[in-house]
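Heads up: the sequence shown at position 142 corresponds to 142 in the UniProt record's numbering, and the numbers run straight through without jumps.
For every residue, glycine included, the Cβ atom is placed at its ideal position computed from N, Cα and C.
The next block holds one structure in the form of structure tokens; read it before the comments.
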Amino acid sequence: MKISVVMAVYNGELYVQQAIDSVLAQTYDNFELIVIDDGSTDRTPKILDRLKDKRIIKYRLPTNRGAANALNFAIKKARGDWIAVHDADDVSMPERLAVQAGYVLQNPELVAVGSKITCIGENDVDPNQLRRTETNLNYGNDSELLYRNRYLVCPICHGTALFSKAKFLEAGGYDTSFRITYDYDLWLRLFQHGPIGKIDEVLYKYRIHSSSLSRRNGMATYMEKLRCCIMRLRQFEYSHLASDPRLIVFADRMISRNAVRHVLPHCPVQIYSHFDNSSNGSYPEKAVKLYKRGRIDGVMLFQIKQRKELSTFFQNKGMILNKNLFLL
């Protein structure tokens with residue numbers, strides 16, 4: 001089973017050598033490593049120029065166009081039937097590829113598999129942040145659970161992923177309109193081609209540092225996550241509708257304001273109304289009545305303190321998770 005490891009790097013002089021070394025140290029030997037320099041302006045090109053290992057294939061893109069574009073380029077060049085992603089500042093355990101290859105051979109229905117992670121970071125990172133990130137990314141390892149919560153939680157850490165190249169191409173590759181959540185968007189589309197699994201073993205060290213894109217602006221990350229999830233639930237859960245679905249949104253006030261301004265106008269849905277946590281307590285009951293009368297097609301619960309209670313309320317009223325009730 002040939003595996004192509006793909007690594008996109010942009011100004012990664014501090015950690016890219018360590019990341020590459022961890023791939024070259026794999027106990028699994030049937031792999032190639034494709035490294036894409038996405039227009040780096042630091043010492044990254046010089047570091048890559050020194051690499052002479054025959055397993056490494058290097059490309060340099062003239063301008064930085066983002067990781068999604070670079071990874072699409074790399075995967076088109078890949079000779080393996082399976083693609084392993086590796087971020088340029090992380091570290092794989094030596095047995096990672098061997099364990100994942102064995103897992104997909106034993107579970108041929110899978111289109112992708114990740115693993116659990118441990119977080120590493122420099123002194124400028126709060127240790128509590130490391131633990132919280134570990135907890136979030138290590139959530140669940142049952143394929144059915146990952147699928148059921150697909151709009152709520154990212155199923156696998158991107159750098160741990162091993163996926164079928166054929167299914168990746170069928171799904172359309174990475175969507176380059178996403179700068180942060182291009183991985184989450186890919187998982188949502190791959191779920192349409194088969195189950196995604198997660199190995200209950202730590203095979204990857206995930207680095208968190210102060211310049212991490214997804215940590216610089218948590219609100220921007222969540223807004224992009226909302227856009228990607230709403231686009232895909234329209235595509236997959238409401239494909240039977242000729243017009244865009246009419247939905248009601250419940251969200252905390254700040255989330256609601258940002259979503260109304262930056263997300264919802266660009267999504268293929270009609271927002272019938274939106275309520276924050278200061279709204280009248282009768283609104284959930286009103287939403288159910290509107291749904292039963294055919295005035296709306298569903299309810300979306302963004303981040304809101306009462307989300308668990310609201311989810312239980314709507315399901316007790318007969319609404320169905322991921323059909324007409326969505327937790328995002």
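- Per DSSP, reduced to three states, the secondary structure at Thr44 is helical.
- Per the C-alpha coordinates, the member of Leu264, Pro108 and Ser239 positioned closest to Ala251 is Leu264.
- Remark: fewer than three beta-carbon pairs, one from each stretch, lie closer than 8 Å, so the region 47–64 and the region 153–161 are not flagged as touching.
- A straight-line Cα-Cα distance of about 43 Å links Gln235 and Asn123.
- For Ile75, the three-state secondary structure derived from DSSP is helix.
- In the structure shown, the three-state DSSP call for Thr181 is coil.
- For Lys205, the uninterrupted beta strand (DSSP E) run begins and ends at Ile196 to Ile208, by DSSP.
- Contact annotation: Val104 and Val111 have beta-carbon atoms that are not nearer than 7 Å.
- Nearest to Ile255 by alpha-carbon distance, out of Lys286, Met300 and Leu233, is Met300.
- When the Cα atoms are used, Ala220 and Gly159 turn out to be separated by approximately 21 Å.
- Taking a C-beta distance under 7 Å as the contact criterion, Ala74 and Ile20 do not qualify as a contact pair.
- In the assembly as shown, Ile36 is a buried residue. Its beta-carbon has 16 or more other beta-carbons within 10 Å.
- Of all C-beta pairs linking the region 133–148 to the region 71–91, fewer than three are shorter than 8 Å, placing the two stretches out of contact.
- Thr27 sits away from Ala84, with the two beta carbons spaced by 7 Å or more.
- Here DSSP, grouped into helix, strand and coil, assigns Ile230 to helix.
- Short of 6 Å from the beta carbon of Phe275, and not among the five residues preceding or following it, lie these beta carbons of its own chain, in chain order: Phe250 and Tyr283.
- For the pair Tyr204 and Ile120, the CB atoms are not nearer than the 7 Å cut-off.
- Under the 10 Å beta carbon count, Ser239 is surrounded by fewer than 16 other beta carbons and is classified as exposed.
- Within the region 258–307, the complete beta strand (DSSP E) segments at least 3 residues long are 270–275 and 298–301, listed from N- to C-terminus.
- Sixteen is the threshold: when 16 or more other Cβ atoms of the shown chains lie within 10 Å of the Cβ of Glu224, as they do, the residue is buried.
- Just measuring C-alpha positions, the residue of Asn141, Glu109 and Leu226 sitting nearest Arg261 is Leu226.
- Look at Thr118 here: in three-state DSSP terms it is strand.
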